[in-house]
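Q: Going by this note's numbering, the first residue of the sequence shown is number 5, and it counts up by one from there. Let me give you the structure first, and then I'll get to my questions.
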Amino acid sequence: MKRAIACLTIALFSVAMIFTPAVQAYSFVSTVPQSGGCPQPNSWNLSVSSPLDRQWSTSLPSLISPVILTVAAAGTSAQLDEIEQAISDSFSVWAGVTGTTFNAITFPGLEAPLARVTNANSCTNDAESNVDGLNTICFNQSSDAFTPGVLAFTRTFTANAPGASVGTSGPAAFAGQILDADTLLCNTGEVTFATPAALATSPGAYDLESLLTHELGHWMGLDHSAVIRAMMFPFAPPAGQFLGSRPTAQTPDGPLSDDDRTGIRVLYPDPNDTLNIGAIRGQILPANPFALAALPAPSMGSSVTGMVGAQVVALDADTGAIIAGVFSSGSCNASSPLTQFDGSYDLERLPVGHNYNLYAEPLVGIALPADFVVPGDLCSQDVTPSCTAPAANTNFNVRTLPAAP
Ligand SMILES: [Zn+2]
């Protein structure tokens, strides 16, 4: 879900939630510049000295009904330290991915201490739409957005023009620059979260590290993935379980999938990386043109000539491992900036030296088009000329062609 704020036309507002029934495909959210032009992926401006100051609210639920289970006793400073460690470790999971500029060495924001604030409303203190330019994690939150099954959600504010700012963010250097991110974890009285150390004895609790790592993926600019194993899959692991392997010094990004790693590399590519520089690009086209989704009126210059919203997955041909998945969507070029929904897909930052098999599938089954923003963020109704994105096309079957000899 993404919408412009009525009172603030310089920034866009994005909400991404993680749901549970207890139980792209990497993808990222894009911003259409206010001045027009092609959609730009949302990301932090790593060239400023402290791009991502972080804080969390230590306001926790009462001792009688703890929502966050820790090994340390509730209400003690040791409990705050244990929770804070889980937050820091969740950031480090993303910073541990090789082949990105997003790591503790080149990203000073992650070396700065995690600040503490005591205000329980630090994520909502501005009329439920916290636009203070501070990046905050808040527990024990109530919000209309906590519909049944929602455990946590993240809101980000993104500039749609250079110079835009919110609160203390400072002026943006580019359209698509993330200016503010806040994560809210629910307090329904029924859901509990546990730090990694406490999870083993709390099988009814949700793993705080898995949830936070997912939400912090949204901070980085990632949207949901349709790869079931991915950290950015829109559904949390069941209570009592965590995703992947716990981070270690040798494998700090252990909880992530290759799809997550590929996604963060695409957003923050290391120019010195010589390994993850492969790309596969193409289009998903229907055998029968009548299978194409229709554009909602008015289309204003765009057209649908390919399959939009198909999941395209690259497998390592030797191991069968999923390396990355993306959604087919559209293409755009500067001379004709309206997105053309031609079924283009673009798998970037693949490790070279491997052979890949591709498959495409409709978004049916566990994860549905409504769980993803693609391709809706490729158009902005605040920009002239505008376009209107078609609904994801789920009405197709995939035929497997015999392998070439
Ligand atoms: Zn999410």
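Every residue, glycine too, gets a C-beta built ideally from N, C-alpha and C.
1. Who are Ser47's beta bridge partners in DSSP?
2. Leaving aside the five residues before and after Thr252 along the sequence, list all residues of the same chain whose C-beta is less than 8 Å from its C-beta, in chain order.
3. Put Ile327 into one of helix, strand or coil per three-state DSSP.
4. Taking only three categories from DSSP, how would you classify Leu220?
5. Among Ala371, Ala364, Ala297, which residue has its Cα nearest to the Cα of Phe239?
6. Just the C-alpha distance for Met267 and Ala198, rounded to the nearest angstrom, thanks.
7. Shortest alpha-carbon distance to Cys127 belongs to which of Pro117, Leu118, Ala116, Ser146?
8. Give, in chain order, every unbroken run of the beta strand (DSSP E) that is at least 3 residues long and sits entirely within the stretch 310-364.
9. Rounded to whole angstroms, what is the Cα-Cα separation between Leu319 and Thr102?
10. Please state whether DSSP places Thr266 in a helix, a strand or coil.
11. Look up Asn399 in the DSSP assignment and say whether it is helix, strand or coil.
12. Touching or not, the stretch 273-288 and the stretch 116-125, by the rule of three or more beta carbon pairs under 8 Å?
13. Given that a residue counts as buried once 16 or more other Cβ atoms are within 10 Å of its Cβ, and exposed if not, what is Val135?
14. Please name the residue, chosen from Thr217, Phe331, Pro152, that lies closest to Leu247 on a Cα-to-Cα basis.
15. Taking 7 Å as the cut-off, is the CB of Pro302 close to at least one heavy atom of ligand 1?
16. Would you check whether ligand 1 has a heavy atom nearer than 7 Å to the C-beta of His218?
17. Look at the alpha carbon of Asp386 and the alpha carbon of Leu342, and state the distance between them as a whole number of angstroms.
18. In chain order, what residues of the same chain lie with their CB nearer than 6 Å to the CB of Ser169, ignoring the 5 residues before and after it?
19. Which term fits Phe294, buried or exposed, when burial requires 16 or more other beta carbons within 10 angstroms of its beta carbon?
20. Measure from the alpha carbon of Ala165 to the alpha carbon of each residue in Leu183, Thr172, Pro152, Ala149, then state which is nearest.
21. Going straight from the alpha carbon of Val270 to that of Ala283, what length do you get?
22. Does DSSP classify Phe294 as helix, strand or coil?
23. May I ask whether a heavy atom of ligand 1 can be found less than 7 Å away from the beta carbon of Pro238?
24. What's the gap between the Cα of Asn399 and the Cα of Asn46?
25. Should His222 be counted as a contact of ligand 3 given a C-beta to heavy atom distance under 7 Å?
26. Please classify Ala273: does DSSP put it in a helix, a strand, or coil?
27. Please report how far the alpha carbon of Gln83 lies from the alpha carbon of Leu212, in whole angstroms.
28. Consider the C-beta atom of His358 and the heavy atoms of ligand 1; say whether any pair is separated by less than 7 Å.
29. Tell me the DSSP bridge mates of Ala308?
30. Scan the stretch 208-261 and note each continuous alpha helix (DSSP H) run of 4 residues or more that stays entirely inside, going in chain order.
31. How about Asp375: is its C-beta nearer than 8 Å to some C-beta of chain D?
32. Looking at Val195: is its Cβ nearer than 8 Å to the Cβ of Leu155?
A: On the basis of the supplied data:
1. Taking the sequence shown and counting its residues from 1, the one referred to as residue 47 is at position 43. Note: Ser47 sits in a beta bridge opposite Gln181.
2. Reading the sequence shown from its first residue, position 248 is the one you call residue 252. The residues are Gly258.
3. Taking the sequence shown and counting its residues from 1, the one referred to as residue 327 is at position 323. In this structure, Ile327 counts as strand in the three-state DSSP scheme.
4. Position 216 of the sequence shown holds residue 220. The answer is helix: DSSP assigns Leu220 an H, G or I state.
5. Counting from 1 along the sequence shown, the entry for residue 239 is found at position 235. Minimum Cα distance to Phe239 is reached at Ala371.
6. Taking the sequence shown and counting its residues from 1, one reaches residue 267 at position 263. Taking the sequence shown and counting its residues from 1, one reaches residue 198 at position 194. For the sequence presented, residue 267 should be read as Gly rather than Met. Going by C-alpha positions, Gly267 is about 27 Å away from Ala198.
7. Stepping through the sequence shown from its first residue, residue 127 is reached at position 123. Residue Ser146 is the option with its Cα nearest to Cys127.
8. 315-320, 326-331, 333-337, 340-354
9. In the sequence shown, counting from the first residue as 1, residue 319 sits at position 315. In the sequence shown, counting from the first residue as 1, residue 102 sits at position 98. The straight-line gap from Cα to Cα measures roughly 20 Å.
10. If you number the sequence shown from 1, residue 266 lands on position 262. Looking at Thr266 - three-state DSSP - the assignment turns out to be helix.
11. For the purposes of this step, residue 399 is identified with residue 395 of the sequence shown, where counting begins at 1. DSSP places Asn399 in coil when its eight states are reduced to three.
12. no
13. Within the sequence shown, residue 135 is the residue found at index 131, counting from 1. When all chains shown are included, Val135 counts as buried.
14. Looking up residue 247 in the sequence shown gives position 243. Measuring from the Cα of Leu247, the nearest candidate turns out to be Thr217.
15. In the sequence shown, residue 302 corresponds to position 298, counting from 1. Answer for Pro302: no, Cβ out of range of ligand 1.
16. Numbered from its first residue, the sequence shown carries residue 218 at position 214. It does: the Cβ of His218 is within 7 Å (strictly closer) of some heavy atom of ligand 1.
17. As a working note, residue 386 is residue 382 in the sequence shown. As a working note, residue 342 is residue 338 in the sequence shown. Their backbone Cα atoms lie some 13 Å apart in a straight line.
18. For the purposes of this step, residue 169 is identified with residue 165 of the sequence shown, where counting begins at 1. These residues qualify, in order along the chain: Pro175.
19. As a working note, residue 294 is residue 290 in the sequence shown. Its Cβ having fewer than 16 others within 10 Å, Phe294 is exposed.
20. In the sequence shown, counting from the first residue as 1, residue 165 sits at position 161. Closest by alpha carbon: Leu183.
21. Stepping through the sequence shown from its first residue, residue 270 is reached at position 266. Stepping through the sequence shown from its first residue, residue 283 is reached at position 279. Going by the C-alpha atoms only, they are around 11 Å apart.
22. As a position in the sequence shown, residue 294 is number 290, starting the count at 1. Helix at Phe294.
23. Stepping through the sequence shown from its first residue, residue 238 is reached at position 234. Yes, the beta carbon of Pro238 sits closer than 7 Å to at least one heavy atom of ligand 1.
24. The residue given as residue 399 occupies position 395 in the sequence shown. The residue given as residue 46 occupies position 42 in the sequence shown. Near 30 Å, if we compare the C-alpha coordinates of Asn46 and Asn399.
25. In the structure on display, ligand 3 does not appear, and the ligands it does have are ligand 1.
26. Taking the first residue of the sequence shown as position 1, residue 273 is located at position 269. The displayed chain sequence assigns Pro, not Ala, to residue 273. Note: Pro273 maps to strand in three-state DSSP.
27. For the purposes of this step, residue 83 is taken as residue 79 along the sequence shown, with counting starting at 1. For the purposes of this step, residue 212 is taken as residue 208 along the sequence shown, with counting starting at 1. When rounded, the distance between both Cα atoms is 14 Å.
28. What you label residue 358 is simply residue 354 of the sequence shown in a count that begins at 1. Incorrect: His358 has no Cβ contact closer than 7 Å to ligand 1.
29. On the sequence shown, residue 308 is found 304 positions in, with the first residue counted as 1. Going by the sequence as given, residue 308 is Val instead of Ala. According to DSSP, Val308 bridges with Phe345.
30. As far as the stretch 208-261 is concerned, its whole alpha helix (DSSP H) runs of at least 4 residues are 212-224.
31. In the displayed structure, chain D is absent; only one protein chain is listed.
32. Taking the first residue of the sequence shown as position 1, residue 195 is located at position 191. Taking the first residue of the sequence shown as position 1, residue 155 is located at position 151. It is a contact, given that the beta carbons lie within the stated cut-off.
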